[in-house]
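Heads up, the thing below is written out as structure tokens.
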């Protein structure tokens, strides 16, 4: 079962331009975190509105087949994914697959630090859903 919607991920062409818009024009506070995830082909900045996050993501990959480049080419900047926590990631993934959903499981990496899974867009009415186990996500967030 979903336990929380944690953040929305937005792919942008220029993260500095997007940060200026979100912080100075829209009035959202400074990013609480910025990361260069070049090994994954992007960099990001996480903004907070209460306990909800807005993750701005800019590709650093020149590969036209990188997911963010394909996304930008197909539809331009915009919402890329919705992130949720679930009470039991393994059980949730198993249930989704049993019910015909396409799910990609991703092991923990040094840059992310927790296992996660993605429900593919074609199984979720066009929305990419990123899922973390609530206990693992809580450790990433320092117990939040």
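Numbering (the numbering used here), first residue to last: 992 to 1135.
Backbone N, C-alpha and C define an ideal beta-carbon position, used for all residues, glycine too.
Endpoints, beta strand (DSSP E) assigned at residue i
i	result
residue 1073	1069-1077
residue 1107	1107-1110
residue 1119	1119-1124
Contact set for residue i: own chain, Cβ-Cβ below 8 Å, skip 5 residues either direction
i	result
residue 1112	1118 and 1119
residue 1007	none
residue 1045	998, 999, 1001, 1013, 1019, 1037, 1038 and 1039
residue 1106	1080, 1096, 1097, 1098, 1099, 1123, 1124 and 1127
Own chain partners of residue i with C-beta closer than 7 Å, once the 5 adjacent residues on each side are dropped
i	result
residue 1021	1014
residue 1031	1102
residue 1028	1034, 1035 and 1102
residue 1078	992, 994 and 1125
residue 1010	1022, 1036 and 1047
Contacts around residue i, its chain only, beta-carbon distance under 6 Å, and the 5 residues preceding and following it disregarded
i	result
residue 1080	1124
residue 995	1076
Proximity below 8 Å, CB of residue i to CB of residue j
i	j	result
residue 1088	residue 1097	no
residue 1002	residue 1073	no
residue 1051	residue 1065	no
residue 1121	residue 1109	yes
residue 1019	residue 1038	yes
residue 1068	residue 1004	yes
residue 1092	residue 1114	yes
Continuous alpha helix (DSSP H) stretch holding residue i: start and end
i	result
residue 995	Unbroken run through residue 995 is the beta strand (DSSP E), 993-1002; no alpha helix (DSSP H).
residue 1010	1006-1011
residue 1097	Careful: residue 1097 lies outside any alpha helix (DSSP H), inside the beta strand (DSSP E) at 1094-1097.
residue 1116	Counting along the chain, residue 1116 falls outside any alpha helix (DSSP H), and DSSP gives it neither H nor E.
residue 1080	1080-1089
Quick check on the DSSP output: what are the complete beta strand (DSSP E) runs of length 3 or more inside the stretch 1019-1059, in order along the chain?
Every unbroken stretch of the beta strand (DSSP E) spanning 3 or more residues and falling wholly within the stretch 1019-1059 is given here in chain order: 1024-1028, 1033-1040 and 1043-1050.
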